[in-house]
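Here's the structure we're looking at; comments come further down.
Chains as they are written, first to last, in this note's numbering: chain A, 1 to 264; chain B, 1001 to 1324.
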């Protein structure tokens, strides 16, 4: 049994248009996608803007309900669960977003941001201030942040450090699945490597399963075990990272590969 | 004589935490028609360098402390506001990183595109509109006659950046400053925008100053490259030399840290430490705390550039110049 299975997942958006909204057009954002992801695996999901990567990730995160098809996590169809059970399960899958400037609350210190995340799982720490503080420090250390900065606000950190905070927050609820949506594309090239190293190291230490979304195949090749290429809502190619990179089977993959700037 | 000669430019910010020497003695030339790259990490001073040239630094807290920028018979740094306005957007164009925040969301593309023409060339609105439509066609916007009356949000990110390029080039500037023009874009769109900038540059003979943190992009578009670190240039060379024979430790470290060039499975190389805080006085070589070369002393005073061979300049710090 795979850890996460997407079965014929489909999401259509309908838009009213025409005279007084009399007509409708349907956008097939995600169109019959089936994928299996094993425990501890990093799956790279690549494609151009608008190919449906983000819609697919929202379906996996249960932030959108599919038009048809289902998400199966450890053998359980998430759509069959009652809403309060889904809320509970949500601790098991966490997201890291592209822009750490926009995804951290500027009015919360690192302590309160991370404490909130930790308390979703370890509720007993609510009344144990020292224990909570220790848990936050541990988490900061895990992502390579100095514990001295625990009372600082997001604006006092650089872009790379902020992305570390965002990663720490995702790890707070002790998830099993991490969905990283373009986690390095807003960062300097020199910082990208640091964050990629960190994500790999965390996967090894915590046995995380990860879906890594990016438009940059060179980054995905480095971090992912397997790569799935998306185009117009469909998965057009899946394979071992090096195989996809070295002998692309679809036109979209070739376009993505040829677009990577080369050092001449 | 070069088209633009920047000499010992210093732009400092006077803040409550002290004087931040964002740009601290930078010199470079731009010849007509060529592309000069400025590459460095966030906060190295590359954008401040270019904004200083157009007097776009917020003053206070910023202040241009010294230097000159000879552009023809003008010194850009000492022009009055009404004089620099005749250069800015007319003889020197600008493209910014994020086309969503640099276009006015309330105004149609047409209004924004013809504005520089109305201001700088004093032609009629109808004439300006014709030129704007032609310019949109030249940057590859399909159906420009209709699209020119759209608002920015009706365009995709890549199309918006095309509109920005059209806007910057519509007055036929001699220099185009492109500040991270593709950083916010997908790789495939990035490729299109880079190709477009190159194509327009060749057609119009515009010189380009290209600012980026991405060495791979630099290697594709630039003729000459300046590597910036902590407010100064550490190395300057033509693009071939810089990539085949990088001499400064920082340039080499930057090249090594590109994820695409590293072997899978191994830990990615990263430059240890962080760039220095520019609010503090840097006594010697600014790269010393992060330099992977051990056992040799770095320059004790801030090293100046020396010419190793024709056109290849490197900061003269004994440790950073070690080949390893």
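Glycine included, each C-beta is placed from N, C-alpha and C at the ideal position.
Query, Result
"So the alpha helix (DSSP H) residue 1029 (chain B) belongs to, where does it begin and stop?", "Premise fails: residue 1029 (chain B) lies in the beta strand (DSSP E), 1018 to 1030, not in any alpha helix (DSSP H)."
"Counting pairs of Cβ atoms below 8 Å between the region 177 to 196 of chain A and the region 1258 to 1275 of chain B, do you hit three or more?", "yes"
"DSSP has residue 226 (chain A) in a bridge; who is on the other side?", "A:43 and A:240"
"Alpha carbon to alpha carbon, how far is residue 1068 (chain B) from residue 1004 (chain B)? Give it in angstroms, no decimals.", "10 Å"
"List, in chain order, every chain B residue whose beta-carbon is nearer than 7 Å to that of residue 216 (chain A).", "1187"
"Would you say residue 1230 (chain B) reaches chain A, if we count a Cβ-Cβ gap shorter than 7 Å as a contact?", "no"
"Using a Cβ-Cβ cut-off of 7 Å, state whether residue 1241 (chain B) counts as contacting chain A.", "no"
"Using C-beta distances below 6 Å, list every residue in its chain close to residue 14 (chain A), excluding the 5 sequence neighbours before and after it, in chain order.", "24 and 26"
"Tell me, please, whether the CB atom of residue 1293 (chain B) is closer than 7 Å to any CB atom in chain A?", "no"
"Note down, in chain order, every chain B residue with its Cβ under 7 Å from the Cβ of residue 256 (chain A).", "1187 and 1188"
"Using a Cβ-Cβ cut-off of less than 8 Å, give me the residues of the region 1262 to 1286 of chain B that come near chain A, in sequence order.", "1262, 1264, 1267, 1268, 1269, 1270, 1271 and 1274"
"Please name the residue in A:194, A:171 and A:115 whose C-alpha comes closest to that of residue 208 (chain A).", "A:171"
"Helix, strand or coil for residue 1108 (chain B), going by three-state DSSP, please let me know.", "coil"
"Using a Cβ-Cβ distance cut-off of 7 Å, determine whether residue 197 (chain A) contacts chain B.", "yes"
"Would residue 1218 (chain B) and residue 1251 (chain B) qualify as a contact pair, given that the criterion is a beta-carbon distance under 7 Å?", "no"
"Of the residues that make up the region 1208 to 1231 of chain B, which ones have a beta carbon closer than 8 Å to any beta carbon in chain A?", "1213, 1214, 1215, 1216, 1217, 1219 and 1220"
"DSSP three-state label for residue 1270 (chain B), please.", "coil"
"Should the region 1134 to 1149 of chain B be called in touch with the region 1164 to 1172 of chain B, which here means at least 3 C-beta pairs below 8 Å?", "yes"
"Does residue 188 (chain A) have its Cβ less than 7 Å from a Cβ in chain B?", "yes"
"For residue 159 (chain A), go through chain B and note every residue whose CB falls closer than 9 Å to its CB, in chain order.", "1042"
"Give the interface partners of residue 1260 (chain B) over in chain A, defined as CB-CB distance under 7 Å, in chain order.", "218 and 260"
"To be precise: take each residue of the region 1136 to 1162 of chain B, compare its Cβ to all Cβ atoms of chain A, and keep it if any distance is under 9 Å. Which residues remain?", "1156, 1157 and 1158"
"If I follow the unbroken beta strand (DSSP E) through residue 1236 (chain B), where does it start and stop?", "1232 to 1238"
"Within 10 Å of its beta-carbon, does residue 231 (chain A) have 16 or more other beta-carbons around it, so buried, or fewer, so exposed?", "buried"
"At what residue ranges does the region 1038 to 1081 of chain B contain a whole run of the alpha helix (DSSP H), taking only runs of 4 or more?", "1046 to 1053"
"My output table needs one value for residue 1002 (chain B): the three-state DSSP class, helix, strand or coil.", "coil"
"Helix or strand or just coil, what does DSSP make of residue 1243 (chain B)?", "helix"
"Tell whether a beta-carbon distance below 7 Å holds between residue 1318 (chain B) and residue 1296 (chain B).", "yes"
"What is the C-beta distance between residue 35 (chain A) and residue 228 (chain A), in whole angstroms, given that I count them as a contact (C-beta under 8 Å)?", "6 Å"
"Kindly indicate which residue of A:184, A:177 and A:176 has the alpha-carbon position closest to the one of residue 164 (chain A).", "A:184"
"Report, in whole angstroms, the separation of the C-beta atoms of residue 44 (chain A) and residue 223 (chain A), which I expect to be a contact under 8 Å.", "7 Å"
"Please report how far the alpha carbon of residue 1216 (chain B) lies from the alpha carbon of residue 145 (chain A), in whole angstroms.", "29 Å"
"For residue 1095 (chain B), which three-state DSSP category applies?", "strand"
"Under 7 Å between C-beta atoms, does residue 222 (chain A) make it to chain B?", "yes"
"Determine the extent of the alpha helix (DSSP H) in which residue 193 (chain A) is found, giving its start and end residues.", "189 to 206"
"Can the beta-carbon of residue 225 (chain A) be found closer than 7 Å to that of residue 1187 (chain B)?", "no"
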